[in-house]
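*Asks:* All letters in the sequence shown, in the order written, are residues 1 to 396 by UniProt numbering. Just so it is clear, CB atoms sit at the ideal spot from N, CA and C, and this is done for glycine as well.
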Amino acid sequence: MRINDPERRIREHAESIAPDLVAIRRDIHAHPELAFEETRTAGIVAAELARLGIAHRTGVGGTGVIGTIEGGRPGPTLAIRADMDALPIQEETGLDFASRNDGKMHACGHDIHTATLLGVASLLKDLAPMLAGRIVLLFQPAEEVLQGAAAMIADGAAEGIDIALGFHNQPDLPVGRFGFAPGACLAASDRFDLVLRGKSGHAAHPYAAIDPIVAASAFVAQVQTVVSREVKPLHPAVVTIGAFNGGTTYNIIPERVHLKGTVRTLHEAARNTAEAAIRRLAEGIAIGMRVDCALDYQRMVPPLVNDTRVQAPVLAAVRAQFGEDVLDAGEASMGSEDFSEFAARAPSFHLRIGSGAPGRDDRLHNAFYQPDEACIGNGVQALSRAALELLGRPAG
Numbered sequence: 001m002r003i004n005d006p007e008r009r010i011r012e013h014a015e016s017i018a019p020d021l022v023a024i025r026r027d028i029h030a031h032p033e034l035a036f037e038e039t040r041t042a043g044i045v046a047a048e049l050a051r052l053g054i055a056h057r058t059g060v061g062g063t064g065v066i067g068t069i070e071g072g073r074p075g076p077t078l079a080i081r082a083d084m085d086a087l088p089i090q091e092e093t094g095l096d097f098a099s100r101n102d103g104k105m106h107a108c109g110h111d112i113h114t115a116t117l118l119g120v121a122s123l124l125k126d127l128a129p130m131l132a133g134r135i136v137l138l139f140q141p142a143e144e145v146l147q148g149a150a151a152m153i154a155d156g157a158a159e160g161i162d163i164a165l166g167f168h169n170q171p172d173l174p175v176g177r178f179g180f181a182p183g184a185c186l187a188a189s190d191r192f193d194l195v196l197r198g199k200s201g202h203a204a205h206p207y208a209a210i211d212p213i214v215a216a217s218a219f220v221a222q223v224q225t226v227v228s229r230e231v232k233p234l235h236p237a238v239v240t241i242g243a244f245n246g247g248t249t250y251n252i253i254p255e256r257v258h259l260k261g262t263v264r265t266l267h268e269a270a271r272n273t274a275e276a277a278i279r280r281l282a283e284g285i286a287i288g289m290r291v292d293c294a295l296d297y298q299r300m301v302p303p304l305v306n307d308t309r310v311q312a313p314v315l316a317a318v319r320a321q322f323g324e325d326v327l328d329a330g331e332a333s334m335g336s337e338d339f340s341e342f343a344a345r346a347p348s349f350h351l352r353i354g355s356g357a358p359g360r361d362d363r364l365h366n367a368f369y370q371p372d373e374a375c376i377g378n379g380v381q382a383l384s385r386a387a388l389e390l391l392g393r394p395a396g
């Protein structure tokens, strides 16, 4: 069996289910759930997979769902992953389907991603007889805290996967366009907590105390030299202190200060350099300023690297489905994505799907974020055509 006109068949199927996918997206958007709390969302996913007749299992990595579609003949296993969790943000859009859960919002478009992968599931179930191999649909929890992929992998989600595809809606790309960055496209993400303990006392008598605020301030200033003076200039790196907590009032030198920081890198050498430097600086502050420094440094996820063996056929598939002039080669981002955990285990590619609405200038993680919902159908077509390209078709 051969698909004579795959572009048309995929487009017409995607268009026919688009209203249902938008409805699912809006339902999920109105009921956002944070990391590892996605029970309602997972229930919607499981019910939809059951309706489509797709074998699936739930509770993977906590609240994750895995669906499996068998192709018409033996071949490789292709995983396609979508994330499901929301963010701790109070929505300000005023939409009819705005979040009903105070302090929670789908401000990164994971509702879009979930609906998109459900559309891919519908289309690939229809195309299954023409596919050589297996499709694994990964509906992942807890991407925002960079822990959901590892949790699913610990439950066996990566076993047997030969190729993996990830994707993300991209508001700085107009809807209808697609993007990618060759090679390392998203950064490794590490984080650290540093507690500096001094000796509390009266602000009028600092000589009788040991001031952890001054020590912490010195650390914040010194840690800025990690990138400027220790990491190679051609190796992008970011070190940011995101929280500085200590003290209660005007005239008390506190007992301790707690710093929280993040380190983003694209190269393993820069990652190692940054960690070693931060550990050394903490030790130096402890000696030089007479404080106790307790450093908890955690490596979270590796950089996300696009594999050319997967990138080339996916880009060819997108062009075949939408035309030659729809792809924008972009730069790497210092943002992070725990799809990199899957990419570290199998050749992978991460596709950027334009979601920018005409006349708007939206950004991810913003309380007013409103992606163009047409990106759902576009994503369904692009990913389904990519699966067809990667798994091929039998002759005859």
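1. What did DSSP end up calling P394 once you bin it into helix, strand or coil?
2. Buried or exposed: where does N378 fall if 16 or more other Cβ atoms within 10 Å of its Cβ makes it buried?
3. Let me know the secondary structure DSSP gives H168 once reduced to three states.
4. Which stretch, first to last residue, makes up the beta strand (DSSP E) that contains I278?
5. Please name the residue, chosen from A312, D292 and D190, that lies closest to T273 on a Cα-to-Cα basis.
6. One question on the structure: do G67 and A154 come within less than 7 Å of each other, judged by their Cβ atoms?
7. For the alpha helix (DSSP H) that contains K27, what are its first and last residues?
8. Only counting the same chain, and skipping five residues up and downstream in sequence, which positions put a Cβ closer than 6 Å to that of A386?
9. With D111 as the anchor, note down where its alpha helix (DSSP H) starts and where it stops.
10. Which residues in the same chain as A151 place their Cβ atom closer than 6 Å to its Cβ, once the five residues preceding and following it in sequence are excluded?
11. Mapping DSSP to helix, strand and coil, what is Y250?
12. Mind checking whether R264 and R197 have CB atoms under 7 Å apart?
13. Using only alpha-carbon positions, find the residue among A204, Q222, G119 and A188 that is nearest to E268.
14. Assess, as a yes-or-no matter, whether the region 116-134 is touched by the region 13-28 under the definition of 3 or more beta carbon pairs within less than 8 Å.
15. Quick one: measure Cβ to Cβ for I287 and A218, integer angstroms, because I've assumed they're closer than 8 Å.
16. Hey, G246 and P233: beta-carbon distance below 7 Å or not?
17. For residue 397 and I252, what's the separation of their Cα atoms in angstroms?
18. Could you work out which residue in H31, A46, L186 and G148 is closest to G335 when comparing CA atoms only?
19. Please name the residue in A237, D27 and A329 whose C-alpha comes closest to that of residue 426.
20. Does the Cβ of R271 have 16 or more other Cβ atoms within 10 Å, making it buried, or fewer, making it exposed?
21. Tell me which residue opens and which closes the alpha helix (DSSP H) that E70 is part of.
22. Under the three-state reduction of DSSP, which class applies to V220: helix, strand or coil?
23. So, is Y369 buried or exposed, given that buried needs 16 or more other C-beta atoms within 10 angstroms?
24. Taking 7 Å as the threshold (C-beta atoms), are H205 and D111 in contact?
25. Pull up the distance between the alpha-carbon of L146 and that of D338, whole angstroms please.
26. What first and last residue would you give for the beta strand (DSSP E) that runs through R197?
27. In whole angstroms, what separates the C-alpha of A49 from that of L194?
28. So what's I353 in DSSP terms, helix, strand or just coil?
29. How many angstroms separate the CA atom of A35 from the CA atom of H202?
30. I'd like the span of the beta strand (DSSP E) that includes P74, first residue to last.
31. Taking the continuous beta strand (DSSP E) assigned at residue 400, which residues delimit it?
32. Can you list, in chain order, the residues of its chain with a C-beta nearer than 8 Å to that of I376? Leave out the 5 residues immediately preceding and following it.
33. In whole angstroms, what is the alpha-carbon distance linking E341 and G148?
34. Under three-state DSSP, which class holds L34?
35. My parser needs the alpha helix (DSSP H) runs of 4 or more residues fully inside the region 328-379; what are they?
36. I need the boundaries of the beta strand (DSSP E) containing A55, first residue and last residue.
*Replies:* According to the data block:
1. Within the sequence shown, the letter at position 394 stands for residue 394. For P394, the predicted model reports a pLDDT of 42, less than 50, meaning its position is unreliable and no value from the coordinates is stated.
2. Position 378 of the sequence shown, counted from the start, is the residue given in the question as residue 378. Label assigned to N378: buried.
3. Position 168 of the sequence shown, counting from 1, holds the residue named residue 168. The answer is strand: DSSP assigns H168 an E or B state.
4. To locate residue 278, count along the sequence shown from 1; it is residue 278. Element bounds for I278: not the beta strand (DSSP E) but the alpha helix (DSSP H), E268 to M289.
5. In the sequence shown, counting from the first residue as 1, residue 273 sits at position 273. Among A312, D292 and D190, the Cα nearest to that of T273 belongs to D190.
6. Residue mapping note: residue 67 aligns to position 67 of the sequence shown, counting from 1. Residue mapping note: residue 154 aligns to position 154 of the sequence shown, counting from 1. No, the Cβ-Cβ distance between G67 and A154 is not below 7 Å.
7. Within the sequence shown, the letter at position 27 stands for residue 27. Position check: residue 27 holds Asp in this sequence, whereas Lys was assumed. Taken as a continuous stretch (DSSP letters only), the alpha helix (DSSP H) holding D27 covers P6 to A30.
8. What you label residue 386 is simply residue 386 of the sequence shown in a count that begins at 1. Hits under 6 Å: V314 and A317.
9. Within the sequence shown, the letter at position 111 stands for residue 111. Taken as a continuous stretch (DSSP letters only), the alpha helix (DSSP H) holding D111 covers H110 to L127.
10. Translated into the one-based positions of the sequence shown, residue 151 becomes position 151. These residues qualify, in order along the chain: G61 and G62.
11. Residue mapping note: residue 250 aligns to position 250 of the sequence shown, counting from 1. Y250 falls in the coil class under three-state DSSP.
12. Taking the sequence shown and counting its residues from 1, one reaches residue 264 at position 264. Taking the sequence shown and counting its residues from 1, one reaches residue 197 at position 197. No; because the gap between Cβ atoms is not below 7 Å, this pair is not in contact.
13. Position 268 of the sequence shown holds residue 268. Ranking A204, Q222, G119 and A188 by Cα distance to E268 puts A188 first.
14. yes
15. Start at 1 with the first residue of the sequence shown, and residue 287 comes out as number 287. Start at 1 with the first residue of the sequence shown, and residue 218 comes out as number 218. That belief does not hold up - the Cβ atoms of I287 and A218 are roughly 12 Å apart, past 8 Å.
16. Locating residue 246 in the sequence shown gives position 246, where the first residue counts as 1. Locating residue 233 in the sequence shown gives position 233, where the first residue counts as 1. Cβ atoms of G246 and P233: not closer than 7 Å.
17. Because the chain spans 1 through 396 in this model, residue 397 falls outside it and cannot be assessed.
18. Along the sequence shown, one-based indexing puts residue 335 at 335. It is L186.
19. Nothing can be reported for residue 426: it is not among the residues displayed for the chain, which extend from 1 to 396.
20. In the sequence shown, the residue the question calls residue 271 occupies position 271. So R271 ends up on the buried side.
21. Stepping through the sequence shown from its first residue, residue 70 is reached at position 70. Looking at the DSSP string, E70 is not in any alpha helix (DSSP H); the run it does join, the beta strand (DSSP E), is G64 to E70.
22. Along the sequence shown, read from residue 1 onward, the residue named residue 220 stands at position 220. V220 falls in the helix class under three-state DSSP.
23. Along the sequence shown, one-based indexing puts residue 369 at 369. Buried, since its Cβ has 16 or more Cβ neighbours within 10 Å.
24. Here residue 111 refers to the residue found at position 111 when the sequence shown is read from its first residue. Here residue 205 refers to the residue found at position 205 when the sequence shown is read from its first residue. No, these two residues do not count as a Cβ contact at 7 Å.
25. Taking the sequence shown and counting its residues from 1, the one referred to as residue 146 is at position 146. Taking the sequence shown and counting its residues from 1, the one referred to as residue 338 is at position 338. Those two C-alpha atoms are separated by around 5 Å.
26. One-based indexing of the sequence shown puts residue 197 at position 197. A188 to R197 is the span of the beta strand (DSSP E), which, as asked, contains R197.
27. Here the question's residue 49 lines up with position 49 in the sequence shown. Here the question's residue 194 lines up with position 194 in the sequence shown. According to the sequence displayed, residue 49 carries Leu and not Ala. C-alpha separation (whole angstroms): 45 Å.
28. Translated into the one-based positions of the sequence shown, residue 353 becomes position 353. I353: strand per DSSP, three-state reduction.
29. Counting from 1 along the sequence shown, the entry for residue 35 is found at position 35. Counting from 1 along the sequence shown, the entry for residue 202 is found at position 202. So the two alpha carbons sit approximately 42 Å from each other.
30. What you label residue 74 is simply residue 74 of the sequence shown in a count that begins at 1. Where P74 is concerned, the enclosing beta strand (DSSP E) stretches over R73 to D83.
31. Residue 400 is absent from the structure shown; the chain starts at 1 and stops at 396.
32. Taking the first residue of the sequence shown as 1, we reach residue 376 at position 376. Within the same chain, I376 has close Cβ partners A18, L21, V22, R25, I112, A115, T116 and G119.
33. Mapped onto the sequence shown, residue 341 falls at position 341. Mapped onto the sequence shown, residue 148 falls at position 148. A direct Cα-to-Cα measurement between E341 and G148 gives close to 10 Å.
34. Within the sequence shown, the letter at position 34 stands for residue 34. Looking at L34 - three-state DSSP - the assignment turns out to be coil, as it is neither helix nor strand.
35. 340-343
36. The residue given as residue 55 occupies position 55 in the sequence shown. Residues A55 to V60.
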